[in-house]
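Here's the structure, in structure tokens; my notes come after.
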Amino acid sequence: NAGVTQTPKFRILKIGQSMTLQCTQDMNHNYMYWYRQDPGMGLKLIYYSVGAGITDKGEVPNGYNVSRSTTEDFPLRLELAAPSQTSVYFCASRRTGLYNEQFFGPGTRLTVL
Amino acid sequence: AQTVTQSQPEMSVQEAETVTLSCTYDTSESDYYLFWYKQPPSRQMILVIRQEAYKQQNATENRFSVNFQKAAKSFSLKISDSQLGDAAMYFCALIQGAQKLVFGQGTRLTINP
């Protein structure tokens, strides 16, 4: 099992550019999440999905979009990048059931200049 | 809305001694789960310990234990026999019926040799 994988590991964008952060899990988990972590802060939820075809907004969804066409993949799209989106982005997944832990990917460090 | 608060931005402890990290939370639900995650410099999020709200018994995992005070909405983490590898950011988190994990701001733990 590779677990949760994210690509790319690092990226620098110019203001106004767009990009997609990729996330894939091979554990057949229903739930998937995208978080952002600003320096010295905790993780904030951007979007989450409870299964293929179902997504919902988290705490900080503005400027982002997601889709979930398969169980395995949950890409995060940034449209018109802004300096405020400079952050580390984490993808996570877990099985159904509140008790079950979230498994996190290694993160993507994004800088918008 | 649920919130998680960690009031200690930084803590330090001598190697082999014991340290306690504080966490308080607020939720209107009766069924929820609490977690402590560790984030070393590698950025990887690692589950340390979890606690079901309906259980009165405090969870223990080797050198890690919690003091769960449901009425006070407090969930502290005790690390015994601290080791250099314990140095990391520690995040307290809460999950309930909305299926979303809410994180505290984190506590940076330094281990002094």
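Residue numbers (my numbering), protein chains in the order written: chain E, 767 to 879; chain P, 9 to 121. Positions of the beta carbon are idealized from the N, C-alpha and C atoms, including for glycine.
Relative to the C-alpha of residue i, which residue among the options is closest?
i, options, result
"E/D804", "E/A858, E/P774, E/G769 and E/Q851", "E/Q851"
"P/T11", "P/D39, P/S88 and P/C31", "P/C31"
"E/T821", "E/K810, E/S833 and E/L879", "E/S833"
"E/G819", "E/F776, E/Y797 and E/Q791", "E/Y797"
"E/A768", "E/L846, E/V854, E/S835 and E/N794", "E/N794"
"E/D839", "E/S853, E/P827 and E/G871", "E/G871"
"P/L117", "P/A80, P/A9 and P/E23", "P/E23"
"E/V826", "E/F869, E/F776 and E/Y813", "E/Y813"
"E/Q788", "E/T836, E/I781, E/G863 and E/G806", "E/T836"
"E/L846", "E/Q772, E/M785 and E/P774", "E/M785"
"E/T790", "E/S859, E/K775 and E/Y855", "E/S859"
"P/N75", "P/G112, P/E25 and P/C100", "P/C100"
"P/Y41", "P/Q16, P/A96, P/T115 and P/Q77", "P/Q77"
"E/Y799", "E/S815, E/T773, E/V854 and E/A848", "E/S815"
"P/S82", "P/M53, P/K46 and P/G112", "P/G112"
"E/Y830", "E/M807, E/Q783 and E/V770", "E/Q783"
"E/P849", "E/F856, E/Q772, E/V770 and E/I781", "E/I781"
"E/V770", "P/M19, P/Q52 and P/R71", "P/Q52"
"P/G114", "P/Y45, P/A9 and P/E69", "P/Y45"
"P/R71", "P/A9, P/A79, P/Q65 and P/I57", "P/I57"
"P/A96", "P/E37, P/Q65, P/S20 and P/T68", "P/S20"
Beta strand (DSSP E) containing residue i: first to last residue?
i, result
"P/Q22", "E18 to Q22"
"E/Y893", "Within the shown structure, residues of chain E are numbered from 767 to 879, placing residue 893 of chain E beyond reach of any answer."
"P/N120", "T115 to N120"
"E/C789", "M785 to Q791"
"P/T13", "T11 to T13"
"E/F840", "No beta strand (DSSP E) holds E/F840; DSSP gives it neither H nor E."
"P/L29", "V27 to L29"
Less than 8 Å between the CB atoms is what I'm expecting for residue i and residue j, so what's the real figure, rounded?
i, j, result
"P/L109", "P/Y98", "Actually they are not in contact, since the Cβ atoms of P/L109 and P/Y98 sit about 15 Å apart, beyond 8 Å."
"P/I103", "P/D94", "Actually they do not touch by this definition, with Cβ atoms about 24 Å apart."
"P/S90", "P/V27", "6 Å"
"E/T877", "E/I778", "5 Å"
"P/P121", "P/L92", "7 Å"
"E/G824", "E/L809", "That pair is no contact at about 10 Å."
"P/A61", "P/D34", "Wrong, their Cβ atoms sit about 13 Å apart, outside the cutoff."
Which residues does DSSP list as the beta-bridge partners of residue i?
i, result
"P/I57", "P/W44"
"E/F870", "E/A858"
"E/S815", "E/M798 and E/T821"
"P/Y62", "According to DSSP, P/Y62 bridges with nothing at all."
"E/S853", "E/L876"
"E/Q772", "E/C789"
"E/Q803", "E/L809 and E/V854"
"P/E69", "P/F72"
"P/D34", "P/T11"
"P/I103", "P/Y41 and P/L109"
"E/I781", "According to DSSP, E/I781 bridges with nothing at all."
"E/L844", "E/M785 and E/Y830"
Output yes if chain B places a C-beta closer than 9 Å to the C-beta of residue i; else output no.
i, result
"E/A768", "Although the question refers to chain B, the structure presented lacks it and instead comprises the protein chains E and P."
**OP:** For the segment 75–99 of chain P, list the beta strand (DSSP E) runs that are entirely contained and at least 3 residues long, ordered along the chain.
**Re:** Qualifying beta strand (DSSP E) stretches, in chain order: 82–87.
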